[in-house]
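Note that the protein sequences, when read in sequence, are chains R and X.
To convert, note that position 119 of the first sequence is 273 in this note's numbering; the numbers rise steadily by one, no gaps.
To convert, note that position 118 of the second sequence is 713 in this note's numbering; the numbers rise steadily by one, no gaps.
Just so it is clear, CB atoms sit at the ideal spot from N, CA and C, and this is done for glycine as well.
Here the structure is a predicted model, which is why all the values come from computation and not from measurement.
I have placed the structure first, in the form of structure tokens, so that the comments after it can refer back to it.
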Amino acid sequence: MTIDPDEQLLDELRAIVARTDPVPAHVDEAARAAFGMRSLDELARLLLDSETAADSGMRGTGETRMLSFGAGEVGLELQVDVDRATATLRGLLRGAAGPVTVEGADGIRHDTDPDEQGWFVVREVALGRTRLRVASASVITEWFVL
Amino acid sequence: MRDDDPAVSVAELLTAAAGGDQTAWDTLVARYAGLVWSVARGYRLQVGETDDAVQNAWLRLVENLGRIHDPAHLGSWLATTIRRECLQVLRRRGRTGYPTEDVETDAAVDPAPALDAGLLQDERSAALWAAVNTLPQRCWGLLRVLMASPPPSYAEVSAALGIPVGSIGPTRQRCLDQLRARVIGDPLLDDSVTSDPAEEAT
């Protein structure tokens with residue numbers, strides 16, 4: 155059997171990294187717990203994020219970030235203004251009516267009732283992983299990071 | 596190497612997890628945790644950033660459990676997902692004033708802190724680990740992914756780094772050569788790492 159010296163070196167590195175840099179227990183635990191965030195709602199895809207559309211000329215409009223989500227007929231437009239540790243979300247719900255729930259990865263939820271045109275505002279949302287749910291339409295957005 | 600029955604296919608696990616089976620989910624995590632973690636570590640994020648990126652990748656899979664069209668390539672899907680999460684972390688640094696290191700450059704970087712070295716009982720391993728940490732980002736990122744357990748497929752490596760499969764072999768070769776060059780003269784590593792049986796035979 156031929157021993158490839160490159161393979162040998164990589165095997166040695168793999169053995170080293172298994173000791174120096176294994177998946178930390180808390181990361182593993184969090185990954186298993188992520189299953190608890192499973193939702194049976196229809197997923198509203200992130201269609202546009204001004205933060206990642208850096209080349210489209212959408213940047214440079216100050217600190218305001220625009221996000222757009224869609225699931226079939228239901229659409230959510232979101233304007234995000236970050237002030238220190240919290241964000242203000244100004245949104246427009248289209249194609250559905252009823253409360254919008256802002257959910258953080260820490261489980262904290264804010265409920266808001268959009269007005270007749272579908273506009274809503276949620277203030278002091280903690281930064282971090284967030285998603286929005288429209289229970290009446292059984293729609294939930296992808297996670298996004300504030 | 597895997598602590599579950601390898602006969603249970605990824606497709607079956609995905610279906611079971613989509614139906615609410617936590618055990619199936621845990622099995623998926625066990626199979627791919629090493630890959631996801633290794634890809635993230637390859638991007639040299641800050642400690643908390645790595646954890647967040649990894650968690651985001653798992654949450655993406657939870658969201659998409661019923662929508663993985665090609666279960667045989669779940670590893671590549673996860674590798675792509677964690678790469679995107681890591682790149683987003685790096686992009687966000689620009690916005691939040693964090694120092695940004697261009698992950699695409701070949702610039703040399705500071706050696707990683709020696710905090711891990713104490714865990715390595717033998718000096719040879721410690722020296723090798725220190726040397727690999729001083730490699731340029733392009734090499735570190737590739738080698739760190741290749742160090743994942745179980746070893747990743749080239750398709751997974753390609754997805755993890757956003758590079759063509761065909762470039763992995765040559766880059767790997769060049770990076771391992773660079774690693775060897777860095778340990779030349781190190782009495783602990785010189786002979787044993789650089790020795791090439793093929794060369795000695797000629």
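- Per DSSP, reduced to three states, the secondary structure at residue 639 of chain X is coil, with no helix or strand assignment.
- Between residue 292 of chain R and residue 196 of chain R, the C-beta spacing is below 8 Å.
- Only those residues of the region 735-766 of chain X whose C-beta falls short of 9 Å from the nearest C-beta of chain R are listed: 738, 739, 741, 742, 743, 744 and 746.
- For residue 170 of chain R, the chain X residues whose C-beta falls within less than 7 Å of its own C-beta are 715, 720, 723 and 724, listed in chain order.
- Along the region 617-643 of chain X, the positions whose C-beta sits under 7 Å from a C-beta of chain R are 617, 620, 621, 624, 628, 629, 632 and 636, read in chain order.
- In this structure the region 223-230 of chain R does not touch the region 615-624 of chain X; the number of beta carbon pairs closer than 8 Å is below three.
- Closest by C-alpha distance to residue 610 of chain X, out of X:649, X:665 and X:630, is X:665.
- Residues of the region 235-246 of chain R with a C-beta less than 8 Å from any C-beta of chain X: none at all.
- The three-state reading of DSSP puts residue 198 of chain R in strand, counting E and B together.
- For residue 181 of chain R, the closest Cβ of chain X is nearer than 8 Å.
- Listed by position along chain X, the residues whose Cβ is nearer than 7 Å to that of residue 288 of chain R form an empty set, because the closest Cβ is around 16 Å away.
- Sequence-distant Cβ neighbours of residue 203 of chain R in its own chain, meaning closer than 6 Å and more than five residues away, are 221.
- Your pair residue 726 of chain X and residue 778 of chain X checks out as a contact, with CB atoms roughly 5 Å apart and the cut at 8 Å.
- For residue 225 of chain R, the enclosing beta strand (DSSP E) begins and ends at 219-225.
- For residue 660 of chain X, no beta strand (DSSP E) encloses it, and the DSSP letter there is neither H nor E.
- Rounded to whole angstroms, residue 640 of chain X and residue 181 of chain R show a C-alpha spacing of 15 Å.
- The region 282-299 of chain R and the region 243-261 of chain R touch, with three or more beta-carbon pairs separated by less than 8 Å.
- Residue-level contact by beta carbon holds for residue 658 of chain X and chain R, with a gap shorter than 8 Å.
- The beta carbon of residue 605 of chain X does not come within 8 Å of any beta carbon belonging to chain R, so the residue lies off that interface.
- In the displayed model, residue 729 of chain X falls within coil according to three-state DSSP, outside both helix and strand.
- Using a CB distance below 7 Å, no part of the region 661-674 of chain X faces chain R.
- Bounds of the beta strand (DSSP E) holding residue 294 of chain R are 293-295.
- Under the three-state reduction of DSSP output, residue 244 of chain R falls in the strand class.
- For residue 732 of chain X, no CB of chain R lies under 8 Å from its own CB, so it is not counted at the interface with that chain.
- Residue 754 of chain X sits close to residue 674 of chain X, with the two beta carbons spaced by under 8 Å.
- For chain X, the residues of the region 254-275 of chain R that bring a beta carbon within less than 8 Å of one of its beta carbons are 259, in chain order.
- Counting of Cβ neighbours within 10 angstroms places residue 647 of chain X among the buried residues, the total reaching 16 or more.
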